[in-house]
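Report on the structure given below.
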Amino acid sequence: MPVFNAHVPAERFTTDQKQTLATALPQALHDALGIPADDQFVVISEQPAGTLVLNPTYMGMNRSNDATIITVLFTAERPLDDKRILVRAICDHTVKALGISPDDVFIALIPVPKENFSFGRGELQLAAQT
Numbered sequence: 016m017p018v019f020n021a022h023v024p025a026e027r028f029t030t031d032q033k034q035t036l037a038t039a040l041p042q043a044l045h046d047a048l049g050i051p052a053d054d055q056f057v058v059i060s061e062q063p064a065g066t067l068v069l070n071p072t073y074m075g076m077n078r079s080n081d082a083t084i085i086t087v088l089f090t091a092e093r094p095l096d097d098k099r100i101l102v103r104a105i106c107d108h109t110v111k112a113l114g115i116s117p118d119d120v121f122i123a124l125i126p127v128p129k130e131n132f133s134f135g136r137g138e139l140q141l142a143a144q145t
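What follows is the structure in structure tokens.
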């Protein structure tokens, strides 16, 4: 059920690369945490020049114009060890999919209570039944 939003520089990556990324992100979840492979919810947003701003050297990074921000909405009950494994897998899969440096992959995990997800039909499928 995690939802990815990948913000990439406009016109930098091919349609095939973006499709590869859209497949690679859920695969990272599967590889890292065993989340089902068909649990795929990905948005790739192209950001025009000047609208995707990442400090090129913050935290010792050496970022290029390929820098990408990936946010992940996921269930809040995951322990820190799972988060570490997950961000490593997301970074590795993104690097492979786009052919960019690991320094160009900024990831923000956004924990959300699982009952806040609706998979459709206006229902909260994971909420406890009362």
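The sequence shown maps to residues 16 to 145 in our numbering.
Built from N, CA and C at the ideal position, the CB exists for glycine as well.
Values in this document were obtained by computation on a predicted structure and should not be read as measured data.
Nearest candidate by alpha-carbon position, reference residue i, set the options
{"i": "PRO126", "options": "ARG93, ILE115 and HIS108", "result": "ARG93"}
{"i": "ALA143", "options": "GLU130, PHE134, GLY137 and ASP53", "result": "GLU130"}
Cβ pair residue i, residue j closer than 8 Å
{"i": "PRO117", "j": "ASP81", "result": "no"}
{"i": "THR66", "j": "ALA21", "result": "no"}
{"i": "ILE85", "j": "ILE122", "result": "yes"}
{"i": "THR109", "j": "LEU44", "result": "no"}
{"i": "GLN32", "j": "LEU113", "result": "yes"}
{"i": "LEU48", "j": "ASP97", "result": "yes"}
One or two residues paired with residue i in a DSSP bridge
{"i": "GLY135", "result": "GLU138"}
{"i": "ASN20", "result": "VAL58 and THR86"}
Burial state of residue i, where buried means 16 or more other Cβ atoms lie within 10 Å
{"i": "GLN42", "result": "buried"}
{"i": "VAL58", "result": "exposed"}
{"i": "ASP119", "result": "buried"}
Endpoints, alpha helix (DSSP H) assigned at residue i
{"i": "VAL110", "result": "95-113"}
{"i": "GLN62", "result": "Here GLN62 belongs to no alpha helix (DSSP H); instead the beta strand (DSSP E) covers 57-62."}
{"i": "PRO71", "result": "Here PRO71 belongs to no alpha helix (DSSP H), and DSSP marks it neither H nor E."}
{"i": "THR38", "result": "30-48"}
Span of the beta strand (DSSP E), counted from its first residue to its last, around residue i
{"i": "THR90", "result": "83-90"}
{"i": "ALA123", "result": "120-127"}
Within-8 Å CB hit, residue i to chain B
{"i": "GLY75", "result": "Protein chain content of the structure displayed is limited to a single chain, and chain B is not contained in it."}
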